[in-house]
Amino acid sequence: MIEVLGKVDVAAIAAKKKLSSQFFRKGIIIALFSGLMYGFYSAFLTLGMKNGVWADWYGANTAALSVFVITYLLGALGSAVNDICSAIWAMIVAAVKGKFGDFLRCINSVPGRVMILAALIGGPISSTAYVVGLQMAGSIVIPITALCPAIGAILGRILFKQQLNKRMTLGIIICVAASFIIGSTSIGADAQKGAFAGICIAFIAALGWGFEGCVAGYGTSMIDPEIGITIRQATSGIANLIILLPIFGIMAGNAKLSMELAYQAFTSGSSMIWFAVSGLCAYLSYMSWYRGNSMCGVALGMACNGTYSFWGPFCCYIVLGIIFGMDGWALPPVVWFGAIMMMFGILVISMNPLDLFRKRDTEI
Amino acid sequence: MMPLNYAILKYFTKVEEACADDVINALKDTYGNFKALNKKDVITALMTAEANGLIEETRFELDNNNELKVYYHAHEEGAATINKYIKD
Chain S
1399 MIEVLGKVDV AAIAAKKKLS SQFFRKGIII ALFSGLMYGF YSAFLTLGMK
1449 NGVWADWYGA NTAALSVFVI TYLLGALGSA VNDICSAIWA MIVAAVKGKF
1499 GDFLRCINSV PGRVMILAAL IGGPISSTAY VVGLQMAGSI VIPITALCPA
1549 IGAILGRILF KQQLNKRMTL GIIICVAASF IIGSTSIGAD AQKGAFAGIC
1599 IAFIAALGWG FEGCVAGYGT SMIDPEIGIT IRQATSGIAN LIILLPIFGI
1649 MAGNAKLSME LAYQAFTSGS SMIWFAVSGL CAYLSYMSWY RGNSMCGVAL
1699 GMACNGTYSF WGPFCCYIVL GIIFGMDGWA LPPVVWFGAI MMMFGILVIS
1749 MNPLDLFRKR DTEI
Chain E
14 MMPLNYAILK YFTKVEEACA DDVINALKDT YGNFKALNKK DVITALMTAE
64 ANGLIEETRF ELDNNNELKV YYHAHEEGAA TINKYIKD
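Taken in order, these protein sequences are the chains called S and E.
Its first residue numbered 1399, the first sequence is counted upward by one per residue in the numbering used here.
Its first residue numbered 14, the second sequence is counted upward by one per residue in the numbering used here.
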């Protein structure tokens, strides 16, 4: 009898170990997938903002848009169009999976409101800063925004009294050094005009997303990630469209301008095709980010998501440089080195890299 | 009616311990038509809640069909967090 029980116990332990291991691996794969999708989101967003009416705005500029409008308002508009497309994808998926009712129910709850707050911080503010940075400095800003796990660790220390030990501090120093290496390439004679300012603006995105990671990490421990991301993208898209764009319009001296440009953007078919693709990639990226964080812990989840510092430039190079033959997307070796260094720094902040090998040892 | 994920978490504040099958049985009257009320999704929801410190594992066993059953319960801090943010 004891022997039979022993066999059952062994089988149960083996099954439990397999379940835990599968869950952990799935979390890592989902979090890594979020980084990859972020790269494609960046590439297709940039592609969308180079076609249709955008080609005129950023090119011949027959509408005679001011430098302010081109730099800031169009950046916010690109972000708004992308997030609206992303929210539509999220709602379609939620409806297909029978979660649309829960989406509406979650909005009017405390975790739902926390998610809306995260969306406002990570959406209108950070997404616009990211798009403006991307337009001004190119894909160099992508690794800069990958600083958000580092910022998340610092904000977590300040706001939530979370751990910030020597290893994490070392990781932050590695990230800052890598950021400096990447930023230094934009100061050269052949850098895009306004590249350094673009990098500084992109840092605002990293700050907002670091904050969002802290706040949304809490929210998704209770809300289904697919519902959470629907709230996030819907809030972000609407806030960009009805708050940020009019503000930029007023600052540009024409309050109606933002709505006129938004109308032209949404009816520009040849660019909307790419915005639809970027919106889908953004949906998959953010949803996987939230899901990965909730499955394998925010620290490891954000480290895996941080691989977008590699996937961003890589996907832009593949999609824009190779597939569409656009010049200027190939990156100098030092940027690749900086991106890899930053990824390592992010990994060191989020976890002890040796634990990866220890985990493998224990699983074997 | 609260969202399914909330109901799953809330259930653990009202029972000593439960596994995925217990959750499905307890919620099927209200959420029976929800696609997400299936064993795979509920197990994922429970493991996610565990990873975020809202519930903790108490024991596990193989049932008569040789299927793994993992039991969880909401510890004091987890239950307090659930009740604080998810109202009845």
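Note that the Cβ used here is the ideal one computed from N, Cα and C, for glycine as well.
Here the structure is a predicted model, which means the values were calculated and not measured.
- Task: Using 10 angstroms around the beta-carbon of Arg72 (chain E), count the other beta-carbons present and answer buried if the total reaches 16, otherwise exposed.
- Result: Here residue 72 (chain E) refers to the residue found at position 59 of the second sequence. Label assigned to Arg72 (chain E): exposed.
- Short CB-CB distance (under 8 Å) between Ala49 (chain E) and chain S: Taking the first residue of the second sequence as 1, we reach residue 49 (chain E) at position 36. Cβ-Cβ to chain S under 8 Å: yes for Ala49 (chain E).
- Message: Going by DSSP, what residue range makes up the alpha helix (DSSP H) through Thr1633 (chain S)?
- Response: For the purposes of this step, residue 1633 (chain S) is taken as the residue at position 235 of the first sequence. Its alpha helix (DSSP H) spans residues Pro1623 to Ala1637.
- Residues in its own chain within less than 7 Å of Val36 (chain E) by CB, not counting five upstream and five downstream? Working through the second sequence from its first residue, we reach residue 36 (chain E) at position 23. Contacts found: Ile21, Tyr24 and Val55.
- Query: Hey, out of S:Ile1627, S:Phe1601 and S:Phe1722, whose CA is closest to Met1489 (chain S)'s CA?
  - Reply: Position 91 of the first sequence, counted from the first residue, corresponds to residue 1489 (chain S). When each option's Cα is compared against that of Met1489 (chain S), the closest is S:Ile1627.
- Query: Quick one: any contact between the segment 1728-1747 of chain S and the segment 64-71 of chain E, if contact means 3 or more CB pairs under 8 Å?
  - Reply: no
- Taking only beta-carbon atoms, is Ala92 (chain E) less than 8 Å away from chain S? Mapped onto the second sequence, residue 92 (chain E) falls at position 79. Taking Cβ atoms only, chain S never reaches closer than 8 Å to Ala92 (chain E), which makes this a no.
- Message: I want to see whether chain S comes within less than 8 Å of Thr26 (chain E), judged by CB atoms only; does it?
- Response: Along the second sequence, one-based indexing puts residue 26 (chain E) at 13. No, Thr26 (chain E) does not count as interfacial toward chain S.
- Distance CB(Cys1714 (chain S))-CB(Ala1429 (chain S)) smaller than 8 Å: Counted from its first residue, the first sequence places residue 1714 (chain S) at position 316. Counted from its first residue, the first sequence places residue 1429 (chain S) at position 31. Not closer than 8 Å, so no.
- Buried or exposed for Ile1400 (chain S), please, with buried defined as at least 16 other CB atoms from any protein chain shown within 10 angstroms of its CB. Looking up residue 1400 (chain S) in the first sequence gives position 2. Reliability fails at Ile1400 (chain S), whose pLDDT of 43 lies under 50, so the model's placement of it is uncertain and the value that follows must be treated cautiously. Exposed, by the Cβ-count rule.
- Would the beta-carbon of Tyr1439 (chain S) be found less than 7 Å away from any heavy atom of the ligand PLP? Although the ligand PLP was asked about, the structure shown includes no ligands whatsoever.
- Message: I'd like to know if the segment 1674-1685 of chain S and the segment 1436-1453 of chain S are in contact, where contact means that at least 3 CB-CB pairs between them fall below 8 Å.
- Response: yes
- Query: Cβ of Val1539 (chain S) within 8 Å of Cβ of Leu1532 (chain S)?
  - Reply: Locating residue 1539 (chain S) in the first sequence gives position 141, counting from the first residue. Locating residue 1532 (chain S) in the first sequence gives position 134, counting from the first residue. A contact, by the Cβ cut-off of 8 Å.
- Task: Below 7 Å between beta carbons is the criterion; list the residues of the segment 67-91 of chain E that meet it against any residue of chain S, in chain order.
- Result: Leu67, Phe73, Glu74, Leu75, Leu81 and Val83
- Message: For Tyr1827 (chain S), count the other beta carbons within 10 Å of its own beta carbon; 16 or more makes it buried, fewer makes it exposed. Which is it?
- Response: A query on residue 1827 (chain S) cannot be resolved here, the shown segment of chain S reaching from 1399 to 1762 and no further.
- Hey, is Gly1651 (chain S)'s beta-carbon within less than 8 Å of any beta-carbon in chain E? Numbered from its first residue, the first sequence carries residue 1651 (chain S) at position 253. Closer than 8 Å: no.
- Item | Any 3 or more C-beta pairs closer than 8 Å across the segment 1704-1713 of chain S and the segment 1475-1495 of chain S | no
- Of all the alpha helix (DSSP H) runs that stay within the bounds of the segment 1482-1552 of chain S, which reach a length of 4 or more residues? 1498-1505, 1508-1518, 1526-1535 and 1539-1543
- Where Ala1728 (chain S) falls: helix, strand or coil (DSSP): For this step, residue 1728 (chain S) is matched to residue 330 along the first sequence. DSSP places Ala1728 (chain S) in coil when its eight states are reduced to three.
- Item | Cut-off 8 Å between Cβ atoms - residues of its own chain near Asp1753 (chain S), not counting five sequence neighbours on either side | The sequence position of residue 1753 (chain S) within the first sequence is 355, counting from 1. Closer than 8 Å at Cβ, skipping near neighbours: no residue.
- Please check if any C-beta of chain S sits within less than 8 Å of the C-beta of Ala31 (chain E). Counted from its first residue, the second sequence places residue 31 (chain E) at position 18. Answer no: the Cβ-Cβ gap between Ala31 (chain E) and chain S never drops below 8 Å.
- Message: Need the endpoints of the alpha helix (DSSP H) that Leu17 (chain E) sits in, please.
- Response: Taking the first residue of the second sequence as position 1, residue 17 (chain E) is located at position 4. Element bounds for Leu17 (chain E): Leu17 to Tyr24.
- Query: In or out: Arg1423 (chain S) buried (at least 16 other Cβ within 10 Å) or exposed?
  - Reply: Numbered from 1 along the first sequence, position 25 holds the residue referred to as residue 1423 (chain S). Arg1423 (chain S) comes out exposed.
- Of all Cβ atoms in chain S, is any one closer than 8 Å to the Cβ of Ile37 (chain E)? As a working mapping, residue 37 (chain E) is identified with position 24 in the second sequence. Ile37 (chain E) does not count as touching chain S.
- State the start and end residues of the unbroken beta strand (DSSP E) segment that holds Val83 (chain E). Here the question's residue 83 (chain E) lines up with position 70 in the second sequence. Counting along the chain, the beta strand (DSSP E) containing Val83 (chain E) begins and ends at Leu81 to His86.
- Message: So Phe47 (chain E) and Leu75 (chain E) are supposed to be a Cβ contact under 8 Å. How far apart are they, rounded?
- Response: The residue labelled residue 47 (chain E) in the question sits at position 34 within the second sequence. The residue labelled residue 75 (chain E) in the question sits at position 62 within the second sequence. The Cβ separation is near 28 Å, so there is no contact.
- Query: Any idea what DSSP makes of Phe47 (chain E), helix, strand or coil?
  - Reply: In the second sequence, residue 47 (chain E) corresponds to position 34, counting from 1. Correct three-state label for Phe47 (chain E): coil.
- Item | For Cys1573 (chain S) and Leu50 (chain E), the rounded distance between their alpha carbons | Taking the second sequence and counting its residues from 1, one reaches residue 50 (chain E) at position 37. Taking the first sequence and counting its residues from 1, one reaches residue 1573 (chain S) at position 175. Cα to Cα, the separation comes out at about 43 Å.
- Task: Measure from the alpha carbon of Lys1495 (chain S) to the alpha carbon of each residue in S:Asp1622, S:Lys1415, S:Val1451 and S:Val1613, then state which is nearest.
- Result: Within the first sequence, the letter at position 97 stands for residue 1495 (chain S). Lys1495 (chain S) has its Cα closest to that of S:Asp1622, out of S:Asp1622, S:Lys1415, S:Val1451 and S:Val1613.
- Message: With three or more beta-carbon pairs closer than 8 Å as the criterion, would you say the segment 1514-1523 of chain S touches the segment 1669-1678 of chain S?
- Response: no
- At least one CB of chain E closer than 8 Å to the CB of Pro1547 (chain S): is that the case? Start at 1 with the first residue of the first sequence, and residue 1547 (chain S) comes out as number 149. With 8 Å as the cut-off, Pro1547 (chain S) does not count as an interface residue toward chain E.
- Message: Would Cys1679 (chain S) and Met1447 (chain S) qualify as a contact pair, given that the criterion is a beta-carbon distance under 8 Å?
- Response: What you label residue 1679 (chain S) is simply residue 281 of the first sequence in a count that begins at 1. What you label residue 1447 (chain S) is simply residue 49 of the first sequence in a count that begins at 1. Cβ distance not < 8 Å, so Cys1679 (chain S) and Met1447 (chain S) don't count as in contact.
- Work out the CA separation of Gly1550 (chain S) and Leu1568 (chain S) for me, nearest whole Å. Translated into positions along the first sequence, residue 1568 (chain S) becomes position 170. Translated into positions along the first sequence, residue 1550 (chain S) becomes position 152. Rounded to whole angstroms, Leu1568 (chain S) to Gly1550 (chain S) spans 15 Å at the Cα level.
- Query: Are Glu1624 (chain S) and Val1491 (chain S) closer than 8 Å when you measure CB to CB?
  - Reply: Counting from one through the first sequence, the residue named residue 1624 (chain S) turns up at place 226. Counting from one through the first sequence, the residue named residue 1491 (chain S) turns up at place 93. Yes, the Cβ-Cβ distance between Glu1624 (chain S) and Val1491 (chain S) is below 8 Å.
- Can you round the beta-carbon distance between Leu1445 (chain S) and Leu1718 (chain S) to whole angstroms, since I take them to be within the 8 Å contact cut? In the first sequence, the residue the question calls residue 1445 (chain S) occupies position 47. In the first sequence, the residue the question calls residue 1718 (chain S) occupies position 320. With 8 Å as the limit, Leu1445 (chain S) and Leu1718 (chain S) qualify as a contact, their Cβ atoms being about 6 Å apart.
- Query: Can you name the residues of chain E whose CB is closer than 9 Å to the CB of Ile1621 (chain S)?
  - Reply: In the first sequence, residue 1621 (chain S) corresponds to position 223, counting from 1. Within chain E, the residues near Ile1621 (chain S) are Pro16, Asn18 and Tyr19.
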